[in-house]
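The structure appears right after this line, and notes come after that.
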Amino acid sequence: MSQTNVVAGFSGDELRTLTCVLDLLIPPSGDGRMPGAGEVGIGARIDQLTQRDPGLRAVVAAGVAALDAHARAAGASVFAALAGDARLAALHEVAAAQPGFVPSLIFHTYAGYYQEGRVLQGLGLEARPPFPAGHQLDPFDAALLDPVRRRAKLYRDA
Amino acid sequence: MAEESVDVLIIGAGAAGAAFAWSLAETKMNILCLEQGDWMDPAQYPTAGLDWELRGLGDFALSPNTRGRPEDYPVNDSESPIAASMFNAVGGSTILYAGHFPRLHPSDFRVRTLDGVADDWPVDYAQLAPYYAENDRMMGVAGLAGDPAYPPKEVPLPPVPLGKLGERIASGFNSLGWHWWPSDSAIATREYEGRAPCINLGPCITGCAQGAKSSTDVTYWPAAQRRGVRIATRCRVREITVSADGMADGVIYYDVDGIEHRQRAEIVVVACNGIGTPRLLLNSRSQHFPDGLANRNGLVGKNLMFHPYGMVIGGFPERVDGYKGPTGCGVMSQQFYETDRARGFVRGYSFEMMRGMGPVSTALWGMMAGRLPWGEGHHAAYADVWARTGGVLAICEDLPEPHNRVTLDPTLTDSNGIPAPRIQYRLSENSRQMLEHGVARGVEVLEAAGAEWTRVESPLRVAGWHLMGTARMGTDPQRSVVNEWGRCHEVRNLFVIDGSIFVTAGAVNPTCTIQALALYIADTMKKKLANLFD
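Take a look at the structure:
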């Protein structure tokens, strides 16, 4: 659905909180092969998306605000200042209180993350679109059909 | 504004319009095709960008309701479990199709005689066989001769490669003793007629940037144009008009700026697909035809047939790299095609192998399927599905039922104010039984192939891409809209040549049969030119 209204982007603090959330949704892998979603810049992507989608904007902004409020209540200045376990606990609490927050983020996070060059390389792919290089496959092996060739005619005459 | 009259006006530049135009051009008649879409630029197809998967959910989505491109018209399919899909362009729905290209069986033309349901066609496999062959050559079809599921036939090009996934699935069929064969595929597997060969990009259904998939904009249309056929694009036909004697005399259409034009023609040929064609005919009301053109018997729009699809996805214990290779072409099976009443239903279904998903699609599907949590377990869960999935689609024969129909929506219109089509469709008990059997066998074959888990989606809502039956052919004017060579019973210079004229649906993708029929109709017209309207 196209949106014609463009709203201002997230503030620096809001983007930092969002980036932390994204790194909780898809964290860096333990072996270092896969980056976190925040690390590869999905925050900027979601920021751009929400500027054209006021509904999504409202949900994400509310979740971010709630996380920062949670952090202040715990004595931290912003969400990013919380320790790792505390961040995850806060995210679970806010997700329960605002049921649309995480689901709204998940689709766009997954969609953006799995297009990123570093992620594709982590999956063993080249960081490129399918065209023009394509993919190599071995030619068809007709020997696979030997059992089928021994079968009788399968169609009805008419 | 009125243009100079033409001999033959074709409405729609898709699979049927293209084949027909090329064939009839031999007569040197003045032939014009009006197409509401435009020529596609392969450089703009999604696979040239990293966002190719998301564009397949957006501007290159299957459903016109999702795409919302300027040349799309909306379809009210809210009263159908299957959503319609089509594409408007030079090439029509062949721009987005997977190119899976099997023929109907001889028995598909004799359903009443053999199985006591539906009707027989007024043509048969033997009559269409030479046109199937000609179409295979013109389009460039890959496959392998010797399939025991068909009468003998030649195939111009070698089969598409199966890859690890296809070989696993083939082994599954072999272990069960079930039929399978490499798919008949409208894909150039080697250089063909100046077209580059397939490079196994994967997502054929967002347009082929390589030009290897045999869409009619790169096959029939250049040849038809060299024979003198003209195509006018961004011309949306609103209605076919009739003269005082009740013969079709042309059309009214809108150009890209919304300006109305009149195009006169001696012969009008409709090739707008099984939803677009009845929509156009129903929108073409006149004193002679108050209920829509060629619709005095009330059959236009009725007997809509889809192919109900059941999808089974399997997860394998190691990588099968299913994202490589043509998405819908690889292995096909007709083990359960012909009727066996012991199964609990009449008629049958085929299997079409479905390749795996790209990285984004894997993630989004995993999310939807509940297999991909966020947080600490995400990467391990993703590794379990990435490049480890593939599946089979059961393509079920749909029987014609008059209550399954296309009418005009009372309020929804396209951007030119033309009433949109409304689909009312429900699955029959026969289809439900068939789907149940098909997905169960699909699970069986994937498990035989080594799948550790399977997931079923049936019926597959997005799979309304085969549109048939809504202007059916037959010899009885009371029970059909067109005769055995596509001429409308009620309007002798009006022809329908797309999937609307199917009498039954068979259990395979219809495009090659649509094109064989279009070639047959063109050839018949050429032979009858001297008394075409008798």
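Quick note, the sequences are listed as chains A and B, same order.
Take the numbering used here: the final residue in the first sequence is number 138, and no numbers are missing along the way.
Take the numbering used here: the final residue in the second sequence is number 581, and no numbers are missing along the way.
Quick reminder that beta carbons are idealized off the backbone N, C-alpha and C, glycines included.
For clarity, every value in this text was computed on a predicted model and none was experimentally measured.
What does a CB cutoff of less than 8 Å around Val509(B) pick up in its chain, not counting 5 residues either side in sequence?
For Val509(B), where only same-chain residues beyond five positions count, the Cβ hits under 8 Å are Leu109, Ser110, Ala130, Ser132.
By the three-class DSSP mapping on this structure, what secondary structure does Lys260(B) have?
Looking at Lys260(B) - three-state DSSP - the assignment turns out to be strand.
Am I right that Met414(B) and Leu440(B) are in contact with their C-beta atoms under 8 Å? What's the rounded C-beta distance?
Their Cβ separation, rounded to whole angstroms, is 22 Å, which puts Met414(B) and Leu440(B) out of contact at 8 Å.
According to DSSP, simplified to helix, strand and coil, what is Met186(B)?
In the structure shown, Met186(B) sits in a helix (DSSP, three-state: H, G or I).
Check whether chain B comes within 7 Å of Arg131(A), counting only Cβ atoms and requiring the distance to be less than that.
Arg131(A) counts as touching chain B.
Can you find a C-beta in chain A that's less than 7 Å from the C-beta of Asn247(B)?
So yes, Asn247(B) belongs to the interface.
In three-state DSSP terms, what is Gly163(B)?
Coil.
When DSSP builds the beta bridges, which residues end up paired with Leu11(B)?
Only positions 48 to 581 of chain B appear in this structure, which leaves residue 11(B) out of reach.
Nearest CA to the CA of Glu444(B): which residue from Arg435(B), Ala416(B), Gly485(B)?
When each option's Cα is compared against that of Glu444(B), the closest is Gly485(B).
Apply the 10 Å Cβ neighbour rule to Thr501(B) and answer buried if 16 or more other Cβ atoms are within range, or exposed otherwise.
Looking at its Cβ environment, which holds 16 or more other Cβ atoms inside 10 Å, Thr501(B) is buried.
Say whether chain A places a C-beta atom closer than 7 Å to the C-beta of Lys21(B).
Coverage of chain B is limited to positions 48 through 581, which leaves residue 21(B) absent and any answer about it impossible.
Here's a check: name, in chain order, each residue in its chain whose Cβ is nearer than 8 Å to the Cβ of Ala54(A), leaving out the five neighbours to either side.
Taken in chain order, the residues that qualify are Leu62, Ala66, Ala70.
With distance defined between alpha-carbon atoms, name the residue in Phe(-10)(A), Asp(-7)(A), Arg13(A), Gly(-8)(A) nearest to Ala430(B).
Nearest of Phe(-10)(A), Asp(-7)(A), Arg13(A), Gly(-8)(A) to Ala430(B), Cα basis: Arg13(A).
Is the CB of Asn221(B) under 7 Å away from at least one CB in chain A?
Yes, contact with chain A.
Can you pull the chain A neighbours of Leu327(B), defined as C-beta to C-beta under 9 Å?
Here the premise fails: no neighbours, minimum Cβ distance about 28 Å.
Between which two residues does the beta strand (DSSP E) holding Phe220(B) run?
Where Phe220(B) is concerned, there is no enclosing beta strand (DSSP E), although the alpha helix (DSSP H) it sits in stretches over 210 to 223.
Please report the straight-line C-alpha distance between Pro229(B) and Ala291(B), rounded to a whole angstrom.
Approximately 54 Å, taken between the alpha carbons.
Measuring alpha carbon to alpha carbon, tell me which of Ala68(B), Ile58(B), Gly193(B) ends up nearest Val298(B).
Ranking Ala68(B), Ile58(B), Gly193(B) by Cα distance to Val298(B) puts Ile58(B) first.
Pairs of beta-carbons, one from the region 210 to 226 of chain B and one from the region 115 to 127 of chain A, closer than 8 Å: are there three or more?
Judged by Cβ distances under 8 Å, the region 210 to 226 of chain B makes contact with the region 115 to 127 of chain A, as three or more pairs qualify.
Please confirm whether Glu448(B) has its beta-carbon closer than 7 Å to some beta-carbon of chain A.
False, the Cβ-Cβ gap to chain A never drops below 7 Å.
How would you write the range of the alpha helix (DSSP H) that Ala569(B) sits in, first residue to last?
Residues 558 to 574.
Give the residues from the region -18 to 12 of chain A that approach chain B closer than 7 Å (Cβ to any Cβ), ordered along the chain.
Under the 7 Å Cβ criterion, the region -18 to 12 of chain A contributes Leu4, Leu5, Ile6, Pro7, Ser9.
What is the rounded straight-line gap between the Cα of Tyr567(B) and the Cα of Arg534(B)?
C-alpha separation (whole angstroms): 12 Å.
Glu537(B) lies in the alpha helix (DSSP H); which residues open and close that run?
Looking at the DSSP string, Glu537(B) is not in any alpha helix (DSSP H), and its letter there is neither H nor E.
Given that Pro119(A) touches chain B, what residues does it touch there, using C-beta distances under 8 Å?
Those within 8 Å of Pro119(A) in chain B are Pro205, Pro208.
Between Thr94(B) and chain A, is there a C-beta pair that is closer than 7 Å?
Closer than 7 Å: yes.
Please list, in chain order, all residues of the same chain as Lys371(B) whose beta carbon is under 7 Å from its beta carbon, the five residues on each side excluded.
Excluding residues within five positions, the ones whose Cβ falls inside 7 Å are Gly210, Asn247, Gly249.
Run through the region 498 to 529 of chain B for me and flag every whole beta strand (DSSP E) of 3 or more residues, listed as ranges in chain order.
The qualifying runs are 500 to 504.
Quick one: Cα of Pro466(B) to Cα of Leu(-5)(A), how far?
In a straight line, the C-alpha of Pro466(B) is about 46 Å away from that of Leu(-5)(A).
Among residues of its own chain, excluding the 5 on either side of Ala42(A), which ones have a beta-carbon nearer than 8 Å to its beta-carbon?
Contacts found: Gln78, Phe81.
Put Thr551(B) into one of helix, strand or coil per three-state DSSP.
Three-state result, Thr551(B): coil.
In chain A, which residues lie with their C-beta within 7 Å of the C-beta of Ser154(B)?
Those within 7 Å of Ser154(B) in chain A are Tyr135, Arg136, Ala138.
Asn578(B) by DSSP, collapsed to three states: which one?
If DSSP states are grouped into helix, strand and coil, Asn578(B) belongs with the helices.
Within 8 Å, do at least three Cβ pairs link the region 56 to 72 of chain B to the region 309 to 323 of chain B?
Touching, yes, given that three or more Cβ pairs across the two stretches are closer than 8 Å.
DSSP puts Phe542(B) in a beta bridge; with which residues?
BP columns for Phe542(B) point to Val316(B), Arg534(B).
Could you check whether the region 87 to 95 of chain A touches the region 144 to 159 of chain B, counting it as contact only if at least three pairs of C-beta atoms, one from each stretch, sit closer than 8 Å?
Verdict: no, contact absent.
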